[in-house]
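J.: Got a structure for you, questions after.
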Amino acid sequence: MKKILVIGSNGQLGNCIRKIAPDFENNYEFIFTDSQSLDITDENQINDFFYNQKPDFCINASAYTAVDLAEKETEKAFAVNAEGVENLAKACADYKTVFIHVSTDYVFDGETNLDYSEDDFTSPIGVYGESKLKGEELALENNPKTIILRTSWLYSEFNKNFVKTMLNLFSQKEELGIVGDQFGQPTNANDLAEAIMSIVENPNKTFGVFHFSNYPETTWFEFAKKIAEFSMSPIKLNALTTEQYPTPAKRPKRSTMCLDKIETIYKIEPKHWENSLEDCVNILSN
Numbered sequence: 001m002k003k004i005l006v007i008g009s010n011g012q013l014g015n016c017i018r019k020i021a022p023d024f025e026n027n028y029e030f031i032f033t034d035s036q037s038l039d040i041t042d043e044n045q046i047n048d049f050f051y052n053q054k055p056d057f058c059i060n061a062s063a064y065t066a067v068d069l070a071e072k073e074t075e076k077a078f079a080v081n082a083e084g085v086e087n088l089a090k091a092c093a094d095y096k097t098v099f100i101h102v103s104t105d106y107v108f109d110g111e112t113n114l115d116y117s118e119d120d121f122t123s124p125i126g127v128y129g130e131s132k133l134k135g136e137e138l139a140l141e142n143n144p145k146t147i148i149l150r151t152s153w154l155y156s157e158f159n160k161n162f163v164k165t166m167l168n169l170f171s172q173k174e175e176l177g178i179v180g181d182q183f184g185q186p187t188n189a190n191d192l193a194e195a196i197m198s199i200v201e202n203p204n205k206t207f208g209v210f211h212f213s214n215y216p217e218t219t220w221f222e223f224a225k226k227i228a229e230f231s232m233s234p235i236k237l238n239a240l241t242t243e244q245y246p247t248p249a250k251r252p253k254r255s256t257m258c259l260d261k262i263e264t265i266y267k268i269e270p271k272h273w274e275n276s277l278e279d280c281v282n283i284l285s286n
């Protein structure tokens with residue numbers, strides 16, 4: 001039976017993989033770790049773990065994702081998002097493990113009106129994006145059997161995310177301002193978990209960088225409006241400009257990604273974000 005090591009099992013994506021793991025337990029043994037049980041920034045710990053477990057697949061669902069805090073905690077962001085990824089990639093190469101690593105749309109600067117393809121020029125505008133891009137580079141450099149999945153605006157019924165924050169604020173406030181001039185693609189982490197397992201199960205692996213999210217593009221404001229609609233909240237929402245809502249880290253204005261490659265090569269059809277959002281709101285409302 002093949003082994004799947006899931007790093008960062010307490011995060012959104014890790015929890016979503018854990019949720020569907022029973023569907024695959026006839027063919028795979030899952031090993032779930034978190035930062036307490038396996039510190040990816042400790043090379044010796046990683047090497048010992050791989051020596052003992054010898055996983056066939058390693059899914060890296062861990063990351064330092066505090067976008068604003070990363071501007072201050074640069075070392076911490078790079079330790080997890082770059083050096084930790086390098087440690088995993090090297091160990092995967094040593095044990096012929098397929099490495100599936102999750103990255104972000106923040107590797108782009110967002111200064112375009114077109115959807116980004118996997119081959120487009122990367123130019124992050126913040127420490128978080130820089131650390132994630134460095135992680136991508138180190139993964140590909142150190143393990144030829146690496147699949148990088150860039151995703152965006154991740155949410156789920158687990159942990160802290162935009163959808164849960166909105167639902168919480170809707171219950172406390174009568175009116176709320178949301179940024180309406182930043183474009184991206186919301187992604188239900190459950191859909192990403194399913195996409196990853198489709199890749200694991202595919203006997204013909206193509207390695208390299210892929211984009212995966214729900215589609216089409218929207219703004220944070222329109223996203224919030226749909227959350228309100230699906231949760232039947234009477235909240236009054238107002239669209240703000242980026243200038244009206246300053247944050248320590250700059251955000252890409254339009255980081256929408258082209259999803260053709262993953263559809264063509266892995267036959268994974270992304271879902272419409274509104275359908276996936278409705279599923280999530282229903283789970284959270286029950």
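Taken in order, the sequence shown gives residues 1 to 286; the numbers are from the UniProt record's numbering.
Backbone N, C-alpha and C define an ideal beta-carbon position, used for all residues, glycine too.
1) Are the CB atoms of S131 and A66 nearer to each other than 9 Å?
2) So E175 is in the beta strand (DSSP E); what residue range does that whole segment cover?
3) What is the C-beta distance between G14 and F32, in whole angstroms, given that I count them as a contact (C-beta under 8 Å)?
4) Beta-carbon within less than 7 Å of T112's beta-carbon, same chain only, minus the 5 sequence neighbours each way: which residues are those?
5) Helix, strand or coil, according to DSSP, for N113 in the structure here?
6) Are residue 290 and S231 touching if we call contact CB-CB under 9 Å?
7) For the alpha helix (DSSP H) that contains T41, what are its first and last residues?
8) Whole angstroms are fine: how far does the CA of F212 sit from the CA of A193?
9) Looking only at its chain, what residues have a beta carbon closer than 7 Å to the beta carbon of A82, apart from the 5 residues adjacent to it on each side?
10) For Y266 and A195, what's the separation of their Cα atoms in angstroms?
11) Three-state secondary structure (DSSP) at E201?
12) Under the assumption that K54 contacts Y95 (Cβ atoms under 8 Å), give the Cβ distance between them as a whole number of angstroms.
13) Quick check for students: name the residue ranges of the beta strand (DSSP E) that lie wholly in the stretch 205-263, counting only runs of 3 or more.
14) With a threshold of 8 Å (Cβ to nearest heavy atom), would D48 be considered close to the ligand NAD?
15) With a cut-off of 8 Å on the beta carbons, I'd call A224 and I178 a contact; round off their distance for me.
16) Pairing CB atoms from the stretch 232-245 with CB atoms from the stretch 162-177, are three or more of them under 8 Å?
17) Are the beta-carbon atoms of D34 and P252 separated by less than 9 Å?
18) Just curious, the beta strand (DSSP E) that I148 is in, first and last residue?
19) In this structure, does DSSP put G3 in helix, strand or coil?
20) Please work out which residues of its chain come closer than 7 Å, Cβ to Cβ, to S198, disregarding the five sequence neighbours upstream and downstream, and give them in chain order.
21) Could you work out which residue in L88, F24, G84 is closest to F50 when comparing CA atoms only?
22) When the distance is taken between beta carbons, is T264 closer than 9 Å to E217?
23) DSSP three-state call for E83: helix, strand or coil?
24) With a threshold of 9 Å between beta carbons, is Y245 in contact with chain B?
25) Do you know how far the Cα of N142 is from the Cα of I40?
26) Taking just the CA atoms, how far does F210 sit from G129?
27) The beta strand (DSSP E) spanning E29 covers which residue range?
T.: The short version:
1) Inclusion of S131 and A66 in the CB contact set at 9 Å is not warranted, their separation being larger than that value.
2) Its beta strand (DSSP E) spans residues 175-179.
3) With a Cβ gap of about 7 Å, G14 and F32 count as contacting.
4) Result list for T112: R254, in chain order.
5) When DSSP states are grouped into helix, strand and coil, N113 belongs to the coil group.
6) Since the first residue of the chain shown is 1 and the last is 286, residue 290 is not available in this structure.
7) Where T41 is concerned, there is no enclosing alpha helix (DSSP H), given that its DSSP letter is neither H nor E.
8) Near 11 Å, if we compare the C-alpha coordinates of F212 and A193.
9) Excluding residues within five positions, the ones whose Cβ falls inside 7 Å are S131, K134, G135, L138.
10) Looking at the two C-alpha atoms, the distance is approximately 9 Å.
11) In the displayed model, E201 falls within a helix according to three-state DSSP.
12) Beta-carbon to beta-carbon, K54 and Y95 are separated by about 6 Å, close enough to satisfy the 8 Å threshold.
13) Taken in chain order, the complete beta strand (DSSP E) segments of 3 residues or longer contained in the stretch 205-263 are 208-211, 236-240.
14) Absence of the ligand NAD is noted for the structure shown, with no ligands found whatsoever.
15) At roughly 4 Å, the Cβ-Cβ gap stays under 8 Å, so A224 and I178 are in contact.
16) Per the Cβ contact rule, the stretch 232-245 is in contact with the stretch 162-177 (3 or more Cβ pairs under 8 Å).
17) Using a Cβ distance threshold of 9 Å, D34 and P252 do not count as a contacting pair.
18) For I148, the enclosing beta strand (DSSP E) begins and ends at 146-151.
19) According to the sequence as given, residue 3 is Lys; it is not Gly. Here DSSP, grouped into helix, strand and coil, assigns K3 to strand.
20) Cβ neighbours of S198 beyond the five flanking positions: Y266, I268.
21) That would be L88, whose Cα lies nearest to the Cα of F50.
22) Here E217 is not near T264, since their CB atoms are 9 Å or more apart.
23) Here E83 carries a helix assignment [DSSP, helix/strand/coil].
24) Here chain B cannot be found, since the structure has a single protein chain.
25) When rounded, the distance between both Cα atoms is 15 Å.
26) Taking the straight line joining both Cα atoms gives about 17 Å.
27) For E29, the enclosing beta strand (DSSP E) begins and ends at 28-33.
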